[in-house]
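Asker: Sharing a structure below in structure tokens format, with a few things to ask.
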Amino acid sequence: MWIIWLYGTAAVLTISLAGLAVIILLPKLQTDHQSNLSQIFVGLAVGTLCADALLHLLPHAFSSQLDHDDHSDNETSSIQHLSEYHTESISHNHVNSVWYGLLALGGIIGFLFFEQLHETIDVLRKKTDNNLQVHDECHRSTISYPKPNGDGYIHIASHHHHHHRAHRGPSAALMVLMGDIVHNLFDGLAIGVAFAGSGISGGISTSIAVLCHELPHELGDFTIIIRSGMPLRNAVYWNIVASITCWFGMCLGIFLGSMKDAWLSALIGGTFLYISLVDMVPELDSCPHLPSKSRAIKLTVQMIGIAIGIAIMLLISLYENEFHLIFANHDDDHHHLHHHHHHHDQPYDMHQSSPIDIVNDVNHHHPPNL
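Start counting the sequence shown at 146; every next residue gets the next number (this note's numbering).
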């Protein structure tokens, strides 16, 4: 069990550091390179989230019921009741599959409700704040903020799935931070459930999907926070604080995933489909005003990102059993080594059975034939 916590914590730390690295390093690139790299990130997010939902999470939810039925079949010894039991098993399996599908649908609708509620609250706050107009180029927002050393400005071109035409002051930063905390908590929950229910390989698969989604998401949130007037240092600090909630979500996910991982896998699969198809796909720029060559390059970059994301998830799904064996053997070797050292370090016990006692005990249970 300890190895799940180790890998889960490492995954959360990697995702948090990667998001921080993107918002620090990406502004140093040229604007064209920023746009192409951002589109690769969005393509990766679409590919990995969709593939993780359809190739890992939902199949895991459905197959868990089949595994349960197979174990029950093996325990059924009465042949005359086998046919009747098999019919009931198929019916029971179908009903549970419908419930898993309904949970996936609930994840889609639930995330839609959350985002609409977030938008509604944000609009209500609009009346009390001063609007900061933003110029969008091909659905891409460009902002500038002073460099920490005071030498010039840093320019960021980014995407964000909250399609605002105007962004507010301090309350906008507060709303984004609250939304980021909820998103990170859910991301950690998904990672924890995957590690607890699907093992190391399943946890790594979901962690990669979360990582690819978080990179453009963090960049978009950071853009709005900076635009609201928050200093760069404070924005980085609150970004780190919000990332900590991902670890708490992972802890909750491991706890819940050890009990009802199939149900949670279906729910998370639905939310992943919603995020990829509703939030991330609109971020793929078509840019009709650009020359044909530029549009072709952008489309190629997007498809490369999506293809890479799907390929990663497909390889992990196809070789999931092999990954399970590798990590299981590693865990067993560590456990055997620990037990071996413990056995040699244990002091000699005078009350242990001697060879004579063992022989007498054997003769007592199996007396010699006369």
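Beta carbons are placed, not taken as given, at the ideal position from N, Cα and C, and that holds for glycine.
Compute the Euclidean distance between the alpha carbons of residue 166 and residue 362, then round it to the nearest angstrom.
Answerer: Looking up residue 166 in the sequence shown gives position 21. Looking up residue 362 in the sequence shown gives position 217. One alpha carbon belongs to residue 166, the other to residue 362, and they sit about 13 Å apart.
Asker: Look at residue 163 and residue 360 and say whether their C-beta atoms are less than 8 Å apart.
Answerer: As a first step, residue 163 must be located in the sequence shown, where it is residue number 18. As a first step, residue 360 must be located in the sequence shown, where it is residue number 215. In contact: residue 163 and residue 360 (Cβ atoms closer than 8 Å).
Asker: Roughly how far, in whole angstroms, is the beta-carbon of residue 397 from the beta-carbon of residue 334, given that I think they are within contact range, below 8 Å?
Answerer: Position 252 of the sequence shown, counting from 1, holds the residue named residue 397. Position 189 of the sequence shown, counting from 1, holds the residue named residue 334. Indeed they touch by this definition, with Cβ atoms about 6 Å apart.
Asker: How big is the Cα-Cα spacing for residue 251 and residue 423?
Answerer: Counting from one through the sequence shown, the residue named residue 251 turns up at place 106. Counting from one through the sequence shown, the residue named residue 423 turns up at place 278. Using only the alpha carbons, I get a separation of about 15 Å.
Asker: Quick check on residue 399: buried or exposed, where buried means 16 or more other Cβ atoms within 10 Å of its Cβ?
Answerer: Within the sequence shown, residue 399 is the residue found at index 254, counting from 1. By the 10 Å Cβ count, residue 399 comes out buried.
Asker: Compute the beta-carbon to beta-carbon distance between residue 411 and residue 206, rounded to the nearest angstrom, for a pair I have assumed lies under 8 Å.
Answerer: Along the sequence shown, read from residue 1 onward, the residue named residue 411 stands at position 266. Along the sequence shown, read from residue 1 onward, the residue named residue 206 stands at position 61. About 4 Å; that satisfies the 8 Å criterion.
Asker: Just how far apart, CA to CA, sit residue 465 and residue 150?
Answerer: On the sequence shown, residue 465 is found 320 positions in, with the first residue counted as 1. On the sequence shown, residue 150 is found 5 positions in, with the first residue counted as 1. When rounded, the distance between both Cα atoms is 19 Å.
Asker: Whose CA, out of 192, 159, 416, 390, lies closest to the CA of residue 450?
Answerer: As a working mapping, residue 450 is identified with position 305 in the sequence shown. For the residues 192, 159, 416, 390, the minimum Cα distance to residue 450 belongs to 192.
Asker: If you check the beta carbons only, do residue 203 and residue 249 fall under 8 Å apart?
Answerer: Position 58 of the sequence shown holds residue 203. Position 104 of the sequence shown holds residue 249. Yes, these two residues count as a Cβ contact at 8 Å.
Asker: Let me know if residue 428 comes out buried or exposed under the rule of 16 or more other beta-carbons within 10 Å of its beta-carbon.
Answerer: Here residue 428 refers to the residue found at position 283 when the sequence shown is read from its first residue. Buried is the call here.
Asker: Tell whether a beta-carbon distance below 8 Å holds between residue 419 and residue 200.
Answerer: To locate residue 419, count along the sequence shown from 1; it is residue 274. To locate residue 200, count along the sequence shown from 1; it is residue 55. The answer is no: Cβ separation not under 8 Å.
Asker: Is DSSP giving residue 464 helix, strand or coil here?
Answerer: Along the sequence shown, one-based indexing puts residue 464 at 319. Reduced to three states, the DSSP call for residue 464 is coil.
Asker: What's the gap between the Cα of residue 376 and the Cα of residue 329?
Answerer: As a first step, residue 376 must be located in the sequence shown, where it is residue number 231. As a first step, residue 329 must be located in the sequence shown, where it is residue number 184. Cα-Cα distance, rounded: 22 Å.
Asker: In terms of residues, what are the limits of the alpha helix (DSSP H) holding residue 200?
Answerer: In the sequence shown, counting from the first residue as 1, residue 200 sits at position 55. Element bounds for residue 200: n/a, residue is neither H nor E.
Asker: Counting C-beta neighbours from all protein chains within 10 Å, is the total for residue 338 16 or more, i.e. buried, or is it exposed?
Answerer: For this step, residue 338 is matched to residue 193 along the sequence shown. It is buried - the Cβ of residue 338 has at least 16 other Cβ atoms within 10 Å.
Asker: Using C-beta distances below 6 Å, list every residue in its chain close to residue 332, excluding the 5 sequence neighbours before and after it, in chain order.
Answerer: Position 187 of the sequence shown, counted from the start, is the residue given in the question as residue 332. So the qualifying residues of the chain are 355, 391.
Asker: Relative to the alpha-carbon of residue 190, which residue among 351, 318, 208 has its alpha-carbon at the smallest distance?
Answerer: Working through the sequence shown from its first residue, we reach residue 190 at position 45. The option with the nearest alpha carbon to residue 190 is 351.
Asker: Taking the beta carbon of residue 385 as the centre, do at least 16 other beta carbons fall within 10 Å, making it buried, or is it exposed?
Answerer: What you label residue 385 is simply residue 240 of the sequence shown in a count that begins at 1. Label assigned to residue 385: exposed.
Asker: Would residue 337 count as contacting chain B if we go by Cβ distances under 8 Å?
Answerer: Going by chain labels, chain B is absent from the structure shown, which holds only one protein chain.
Asker: Got a sec, what are the start and stop residues for the alpha helix (DSSP H) residue 395 sits in?
Answerer: The residue labelled residue 395 in the question sits at position 250 within the sequence shown. Element bounds for residue 395: 377 to 419.
Asker: In terms of alpha-carbon separation, which member of 184, 365, 371, 389 lies closest to residue 156?
Answerer: Your numbering for residue 156 matches position 11 in the sequence shown. Residue 389 is the option with its Cα nearest to residue 156.
Asker: From residue 347 to residue 152, what does the alpha carbon distance come to, in whole angstroms?
Answerer: In the sequence shown, counting from the first residue as 1, residue 347 sits at position 202. In the sequence shown, counting from the first residue as 1, residue 152 sits at position 7. If I take the Cα positions, the gap works out to 11 Å.
Asker: Does the Cβ of residue 147 have 16 or more other Cβ atoms within 10 Å, making it buried, or fewer, making it exposed?
Answerer: As a position in the sequence shown, residue 147 is number 2, starting the count at 1. The residue in question, residue 147, is exposed, as its Cβ has fewer than 16 Cβ neighbours within 10 Å.
Asker: Spatial neighbours of residue 186 within its chain, please: CB distance less than 6 Å, with the 5 preceding and 5 following residues excluded, ordered by chain position.
Answerer: Stepping through the sequence shown from its first residue, residue 186 is reached at position 41. Counting only Cβ-Cβ distances below 6 Å, and skipping sequence neighbours, we find 360, 361.
Asker: Out of 319, 383, 353, 381, which has the shortest C-alpha to C-alpha gap to residue 373?
Answerer: Against the sequence shown, residue 373 aligns to sequence position 228. Selected option, being the one with the closest Cα: 319.
Asker: Just verifying my parser: in three-state terms, what is the DSSP assignment at residue 149?
Answerer: Counting from 1 along the sequence shown, the entry for residue 149 is found at position 4. Looking at residue 149 - three-state DSSP - the assignment turns out to be helix.
Asker: So the candidates are 169, 245, 183; which of them puts its Cα closest to the Cα of residue 415?
Answerer: In the sequence shown, the residue the question calls residue 415 occupies position 270. Nearest C-alpha to residue 415: 245.
Asker: Residue 455 to residue 270, Cα distance in whole Å?
Answerer: On the sequence shown, position 310 is the one that residue 455 refers to. On the sequence shown, position 125 is the one that residue 270 refers to. Rounded to whole angstroms, residue 455 to residue 270 spans 40 Å at the Cα level.
Asker: Measuring CA to CA, which of 471, 440, 426 is closest to residue 188?
Answerer: The residue you call residue 188 lines up with position 43 of the sequence shown. The shortest Cα separation from residue 188 among 471, 440, 426 belongs to 426.
Asker: Buried or exposed for residue 446, please, with buried defined as at least 16 other CB atoms from any protein chain shown within 10 angstroms of its CB.
Answerer: Translated into the one-based positions of the sequence shown, residue 446 becomes position 301. Burial call: buried.
Asker: Could you compute how far the alpha carbon of residue 436 sits from the alpha carbon of residue 317?
Answerer: Locating residue 436 in the sequence shown gives position 291, counting from the first residue. Locating residue 317 in the sequence shown gives position 172, counting from the first residue. If you draw a straight line from the Cα of residue 436 to the Cα of residue 317, it is about 35 Å long.
Asker: Closest by CA to residue 342, which one among 181, 405, 353?
Answerer: In the sequence shown, the residue the question calls residue 342 occupies position 197. For residue 342, the nearest C-alpha among the options comes from 405.
Asker: Alpha carbons only, please: which of 255, 345, 261, 260 is nearest the one belonging to residue 467?
Answerer: Locating residue 467 in the sequence shown gives position 322, where the first residue counts as 1. Distances from the alpha-carbon of residue 467 to those of 255, 345, 261, 260 put 345 closest.
Asker: What three-state label does DSSP hand residue 373 in the structure shown?
Answerer: Within the sequence shown, the letter at position 228 stands for residue 373. In this structure, residue 373 counts as coil in the three-state DSSP scheme.
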